[in-house]
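The end of the sequence shown is residue 329 by the working numbering, with every number in the run present. We treat Cβ as the ideally placed atom computed from N, Cα and C, and that holds for glycine. It should be emphasised that the depicted structure is a prediction, and the values quoted were computed from it without experimental measurement.
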Amino acid sequence: MKIFVSGFLILFSLVNSNAQSIFGGSGKKMSKSFNDGSDYSKSQIWLGFKGGVNLSWVTPGDKYQIFQALPSSTQFSYEKTYEGIQFPGLQSGLTLTYNFRSFFSVIFEPAYSIQSFAYKNSFRWESATPQSSISLEQKNTYSVFYLEFPVYFRMDFSRGDFRPYILGGLMYSYLTHVGRKSEYKSKDNITGASNVIDNPNPEMGVTSLFIPSNFWYAFGAGVSYDISNIRVGLNGIYRSSMNNITSHTNRYSIQKINSSGDVLDDVVLTNIEFSLYCVFPMKFLVSPGFNRVKP
Numbered sequence: 035m036k037i038f039v040s041g042f043l044i045l046f047s048l049v050n051s052n053a054q055s056i057f058g059g060s061g062k063k064m065s066k067s068f069n070d071g072s073d074y075s076k077s078q079i080w081l082g083f084k085g086g087v088n089l090s091w092v093t094p095g096d097k098y099q100i101f102q103a104l105p106s107s108t109q110f111s112y113e114k115t116y117e118g119i120q121f122p123g124l125q126s127g128l129t130l131t132y133n134f135r136s137f138f139s140v141i142f143e144p145a146y147s148i149q150s151f152a153y154k155n156s157f158r159w160e161s162a163t164p165q166s167s168i169s170l171e172q173k174n175t176y177s178v179f180y181l182e183f184p185v186y187f188r189m190d191f192s193r194g195d196f197r198p199y200i201l202g203g204l205m206y207s208y209l210t211h212v213g214r215k216s217e218y219k220s221k222d223n224i225t226g227a228s229n230v231i232d233n234p235n236p237e238m239g240v241t242s243l244f245i246p247s248n249f250w251y252a253f254g255a256g257v258s259y260d261i262s263n264i265r266v267g268l269n270g271i272y273r274s275s276m277n278n279i280t281s282h283t284n285r286y287s288i289q290k291i292n293s294s295g296d297v298l299d300d301v302v303l304t305n306i307e308f309s310l311y312c313v314f315p316m317k318f319l320v321s322p323g324f325n326r327v328k329p
């Protein structure tokens with residue numbers, strides 16, 4: 035988190051030093067006396083911040099299990115079911131954009147995100163008669179915390195104040211923490227009673243079960259709107275990890291999880307991110323209004 039605190043302090047200093055320029059003052063930061071068609075006037079640099087929510091889920095690959103029924107046994111059954119989109123995750127960070135040739139931009143957006151996914155384990159034991167059975171349902175929810183470093187290429191469809199655009203790129207993420215919450219419920223099919231099983235420690239850290247870093251591909255679309263010298267925008271970006279995020283070497287390393295009958299499968303994490311952002315220009319033209327450079 036120190037990285038982001040330092041980043042916001044730097045951003046505040048830059049914006050504060052340019053405040054008069056942005057709102058029509060007489061500052062001199064990165065300024066030119068006129069738009070003469072030089073290289074200076076063919077590009078713009080934007081710096082700001084972003085925040086929003088994400089909706090995430092996983093796609094399983096190879097599956098694993100702790101309990102294995104004997105081939106001739108019909109007294110035990112097991113099923114794992116992955117749930118859809120869970121409660122929204124969050125992300126916030128900085129955004130740095132280099133805009134050139136009017137319609138094209140390269141964007142770097144370091145951010146901190148929280149993503150989640152869940153699945154249910156269903157166990158069933160039967161006696162000689164099918165009516166005499168006990169079932170156990172275990173729901174496991176994972177919250178995954180990443181430091182993210184995406185690079186996007188953006189193409190605008192307009193040069194006006196209102197700019198729809200598309201973007202795409204790659205991202206590197208570094209895992210900082212994973213939390214796991216477990217809930218249990220049993221059912222006695224003889225009496226029909228359904229009971230919640232008390233779990234005194236429902237939450238635990240399980241970071242070691244996941245690989246420490248990951249690469250993603252991403253694509254999306256958005257709109258931005260210029261208000262004086264400030265630009266605000268909204269975008270939606272689909273992002274998917276390019277590999278399995280589960281650690282092969284540490285899959286069975288936490289005995290408390292294994293003893294409950296649970297083990298992680300190979301999974302690919304995917305999310306859709308929705309972000310609001312506000313950016314400030316770093317290059318200006320000396321004029322009556324001291325306006326920003328518009329490539």
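If the five residues before and after N292 are omitted, its C-beta is found closer than 7 Å to the C-beta atoms of I100 and Y286, all from its own chain and listed in chain order. Judged by DSSP secondary structure, S242 falls outside any beta strand (DSSP E); it is assigned neither H nor E. Under the three-state reduction of DSSP output, N284 falls in the coil class, being neither helix nor strand. DSSP places N292 within a helical segment (H, G or I) once states are collapsed to three.
Here P198 really is in contact with V257; their C-beta atoms are around 5 Å apart, less than 8 Å. Of the other Cβ atoms in all chains shown, 16 or more fall within 10 Å of the Cβ of G86; this residue is therefore buried.
Taking every protein chain shown into account, the CB of F83 has 16 or more other CB atoms within 10 angstroms, so this residue is buried. Short of 6 Å from the beta carbon of Y208, and not among the five residues preceding or following it, lie these beta carbons of its own chain, in chain order: L181 and S247.
Separation of T241 and T93 (C-alpha to C-alpha, rounded to the nearest whole angstrom) is 19 Å. With contact defined as three or more Cβ pairs closer than 8 Å, the stretch 116 to 129 and the stretch 147 to 161 are in contact. DSSP, read as helix, strand or coil, puts S275 in strand.
Closest by C-alpha distance to I279, out of L128, R135, V301 and I264, is V301. By a beta-carbon distance limit of 8 Å, P329 contacts K76. Their separation comes to about 5 Å.
For P94, the enclosing beta strand (DSSP E) stretches over residues S77 to P94. Around the beta carbon of P236, fewer than 16 other beta carbons lie within 10 angstroms, which makes this residue exposed. Between the C-alpha atoms of A145 and R158 there is a straight-line separation of about 43 Å. In this structure, the alpha-carbon of L298 lies about 27 Å from that of S167. Secondary structure of Y98 (DSSP, three-state): coil. Across the structure, E117 and F134 are spaced so that their CA atoms are roughly 43 Å apart.
Between Y251 and S274, the CB-CB gap stays under 8 Å.
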